[in-house]
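Position 25, counted from 1, in the sequence shown is what my numbering calls 1396; the numbers after and before it change by one each time, with no gaps.
All residues carry an ideal CB built from backbone N, CA and C; glycine is no exception.
Source: prediction; values computed, not measured.
First up is the structure itself, then whatever we jot down about it.
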Amino acid sequence: MFIGHFGLGFGVKKAAPSLSLGTLFIAAQFLDLLWPVLLLLDIEHAELKPGTGHSQPIAFTDYPISHSLLMVAGWGLLFGFIYWLFKRNSRNAVILAFCVISHWVLDLVVHLPDLPLYPGAGSPLLGFKLWDSFWGTLIVEGGIFITGLVLYIRCTKPKNKQGIIGLLILVLLLVAVHAANIFGPPPPAMNAVAWAGNLQWLFVILAYWVDHNRSAIK
Ligand SMILES: [Zn+2]
1372 MFIGHFGLGF GVKKAAPSLS LGTLFIAAQF LDLLWPVLLL LDIEHAELKP
1422 GTGHSQPIAF TDYPISHSLL MVAGWGLLFG FIYWLFKRNS RNAVILAFCV
1472 ISHWVLDLVV HLPDLPLYPG AGSPLLGFKL WDSFWGTLIV EGGIFITGLV
1522 LYIRCTKPKN KQGIIGLLIL VLLLVAVHAA NIFGPPPPAM NAVAWAGNLQ
1572 WLFVILAYWV DHNRSAIK
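Structure representation (structure tokens):
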């Protein structure tokens, strides 16, 4: 899942107006920000599935640190705790931990059975396989994105032009990357996927900028 995680980040702003959209994006997409780094370090592994025609061309063969439920729960707690250390806001800390863990739950809906419960060869692998249905995936993921975006637009207002144009650029970029993932050619190599994955930090930076130029409606 790609755009759905960002949709969740947008939507949670309504529950936590003092959190920047950038921070919400880091939390909601934390596992997929960690994953490309672990791929490049050869700690986690994935393979391209050539010629399957499947809308999802990657086989997630080994990603227990970024995507096993046990580790994800730990990442969520750690994320919330580090935020709390700096800001001493327990409510926001819990919300951020929830965002990190939400990523696994959303992935569970779409992934083929490849999500481990805990690290190690003995773990069962879970996934409800919505990716098998092109339209099902598009509707569910698009629905989460649009719902989250509408919530964000309704609970914030632009302070200036950047608050409008920035948001428009952010949304168009997310939709363009999502469309390229779905309709574009399969990636040439796993290394390219991993490097491209690191570019997601651009969305985070953009989100901080957009949120800085919008104010929460109380
Ligand atoms: Zn993921």
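Classify H1416 as buried or exposed, calling it buried when 16 or more other Cβ atoms lie within 10 Å of its own Cβ.
Position 45 of the sequence shown, counted from the start, is the residue given in the question as residue 1416. So H1416 counts as exposed.
Beta-carbon contacts of Y1489 that lie in its chain and below 6 Å, excluding the five residues immediately before and after:
Taking the first residue of the sequence shown as position 1, residue 1489 is located at position 118. Contacts found: S1439, L1441.
Backbone secondary structure at L1419 - three-state DSSP
One-based indexing of the sequence shown puts residue 1419 at position 48. Three-state result, L1419: strand.
Could you please give me the residues that DSSP links to A1430 through a beta bridge?
The count along the sequence shown starts at 1 and reaches residue 1430 at position 59. For A1430, which the question treats as bridged, DSSP gives the partners E1418.
Compute the minimum distance between the beta carbon of L1483 and the heavy atoms of ligand 1, and state whether it is under 8 Å.
Indexing the sequence shown from 1 puts residue 1483 at position 112. Not under cutoff, so the answer is no.
How about A1567: is its C-beta nearer than 9 Å to some C-beta of chain D?
In the structure shown, chain D does not exist; there is a single protein chain.
Is there contact between the stretch 1382-1389 and the stretch 1518-1530, where contact requires at least three CB pairs shorter than 8 Å?
yes
Quick check on A1386: does DSSP put it in helix, strand or coil?
Working through the sequence shown from its first residue, we reach residue 1386 at position 15. A1386 falls in the coil class under three-state DSSP.
For I1374, count the other beta carbons within 10 Å of its own beta carbon; 16 or more makes it buried, fewer makes it exposed. Which is it?
The count along the sequence shown starts at 1 and reaches residue 1374 at position 3. Buried is the call here.
Y1582 burial status per 10 Å Cβ neighbour count (16 or more: buried)
Numbered from 1 along the sequence shown, position 211 holds the residue referred to as residue 1582. In the sequence under discussion, the amino acid at residue 1582 is Asp, which differs from the Tyr named in the question. So D1582 ends up on the buried side.
Only counting the same chain, and skipping five residues up and downstream in sequence, which positions put a Cβ closer than 8 Å to that of A1399?
By 1-based counting over the sequence shown, the position of residue 1399 is 28. Correct list, in chain order: H1376, F1377, L1379, G1380, V1383, C1470, V1471, S1473, H1474.
Just to confirm, does W1502 get its C-beta within under 8 Å of one of the non-hydrogen atoms of ligand 1?
The residue given as residue 1502 occupies position 131 in the sequence shown. No.
Do L1467 and L1390 have their CB atoms nearer than 9 Å?
Within the sequence shown, residue 1467 is the residue found at index 96, counting from 1. Within the sequence shown, residue 1390 is the residue found at index 19, counting from 1. Cβ atoms of L1467 and L1390: closer than 9 Å.
Please give the ranges of any alpha helix (DSSP H) in the stretch 1514-1575, keeping only runs that are unbroken, at least 4 residues long and fully inside the region.
1532-1554, 1561-1569
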